[in-house]
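Chemist: Numbering (our numbering), first residue to last: 3 to 175.
Have a look at the structure that comes next, please.
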């Protein structure tokens, strides 16, 4: 092998070492500065949401002049999780809850099931959120309410449908 070829091979290895070192530097800086950055962005997002005017809408009347019952003025953003194994239960009940003025944003299966009882979990600290969740729980016939805040979900509450879901009141189809 010629000396020129050996020198070119060494220079190529040097470039790869430089690229690897730069990649490690970028990763370490990302690990160091990304969590505080995302936490700061989350604070700004919450600050903006708290100061934004709440939009309230009531569902359209169903029959001539008849207005459906709605929850208090705050529109409730809900995640509906099916923990029963019944096909399409979260989808169907989430759509039915829209008749009560509830915005069911996510309707899917629960990550862990079966689950014995239905319950509502308060997620956000938004003003009026707890009152709206309690009003929904009361309207459904006394669903237990648990407070477990998770601001990362951008939801007011999670409704877990357990095996006793039929014991509670639901909007008429």
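Glycine included, each C-beta is placed from N, C-alpha and C at the ideal position.
Output the distance between the C-alpha atoms of residue 85 and residue 111, rounded to the nearest integer angstrom.
Modeler: As a working note, residue 85 is residue 83 in the chain shown. As a working note, residue 111 is residue 109 in the chain shown. Straight-line Cα distance between these residues: approximately 6 Å.
Chemist: Between which two residues does the alpha helix (DSSP H) containing residue 129 stretch?
Modeler: For the purposes of this step, residue 129 is taken as residue 127 along the chain shown, with counting starting at 1. Per DSSP, residue 129 belongs to no alpha helix (DSSP H) and is neither H nor E.
Chemist: Pull up the distance between the alpha-carbon of residue 135 and that of residue 155, whole angstroms please.
Modeler: In the chain shown, counting from the first residue as 1, residue 135 sits at position 133. In the chain shown, counting from the first residue as 1, residue 155 sits at position 153. Distance between the alpha carbons of residue 135 and residue 155: 16 Å.
Chemist: Extract the residue ranges of the alpha helix (DSSP H) inside the region 71–150, only unbroken runs of 4 or more that lie entirely within it.
Modeler: Qualifying alpha helix (DSSP H) stretches, in chain order: 91–99, 131–141.
Chemist: In whole angstroms, what separates the C-alpha of residue 93 from that of residue 122?
Modeler: Along the chain shown, read from residue 1 onward, the residue named residue 93 stands at position 91. Along the chain shown, read from residue 1 onward, the residue named residue 122 stands at position 120. Taking the straight line joining both Cα atoms gives about 16 Å.
Chemist: Out of 141, 126, 157, 153, state which residue places its alpha-carbon closest to the alpha-carbon of residue 170.
Modeler: Numbered from its first residue, the chain shown carries residue 170 at position 168. Taking only the C-alpha atoms, the option nearest residue 170 is 141.
Chemist: On the DSSP bridge assignment, give the partners of residue 161 in chain order.
Modeler: Position 159 of the chain shown, counting from 1, holds the residue named residue 161. Partner(s): 82, 122.
Chemist: Express the C-alpha separation of residue 29 and residue 150 in angstroms, rounding to a whole number.
Modeler: If you number the chain shown from 1, residue 150 lands on position 148. If you number the chain shown from 1, residue 29 lands on position 27. Cα-Cα distance, rounded: 33 Å.
Chemist: Is residue 172 helix, strand or coil when you go by DSSP?
Modeler: Position 170 of the chain shown, counting from 1, holds the residue named residue 172. DSSP places residue 172 in coil when its eight states are reduced to three.
Chemist: What is the rounded straight-line gap between the Cα of residue 78 and the Cα of residue 130?
Modeler: Taking the chain shown and counting its residues from 1, the one referred to as residue 78 is at position 76. Taking the chain shown and counting its residues from 1, the one referred to as residue 130 is at position 128. Rounded to the nearest angstrom, the two C-alpha atoms are 9 Å apart.
Chemist: Rounded to whole angstroms, what is the Cα-Cα separation between residue 159 and residue 104?
Modeler: Locating residue 159 in the chain shown gives position 157, counting from the first residue. Locating residue 104 in the chain shown gives position 102, counting from the first residue. Computed Cα separation, rounded: 11 Å.
Chemist: Under 8 Å, do residue 162 and residue 83 count as touching if we go by C-beta distance?
Modeler: What you label residue 162 is simply residue 160 of the chain shown in a count that begins at 1. What you label residue 83 is simply residue 81 of the chain shown in a count that begins at 1. Yes, Cβ-Cβ distance for residue 162 and residue 83 is below 8 Å.
Chemist: Decide if residue 90 is buried, meaning its Cβ has at least 16 other Cβ atoms within 10 Å, or exposed.
Modeler: Sequence index remark: in the chain shown, residue 90 carries index 88 (1-based). Residue 90 should be labelled exposed.
Chemist: Just how far apart, CA to CA, sit residue 157 and residue 20?
Modeler: Within the chain shown, the letter at position 155 stands for residue 157. Within the chain shown, the letter at position 18 stands for residue 20. The alpha-carbon atoms of residue 157 and residue 20 are separated by roughly 45 Å.
Chemist: Taking the beta carbon of residue 87 as the centre, do at least 16 other beta carbons fall within 10 Å, making it buried, or is it exposed?
Modeler: The residue labelled residue 87 in the question sits at position 85 within the chain shown. With fewer than 16 Cβ atoms within 10 Å of its Cβ, residue 87 is classed as exposed.
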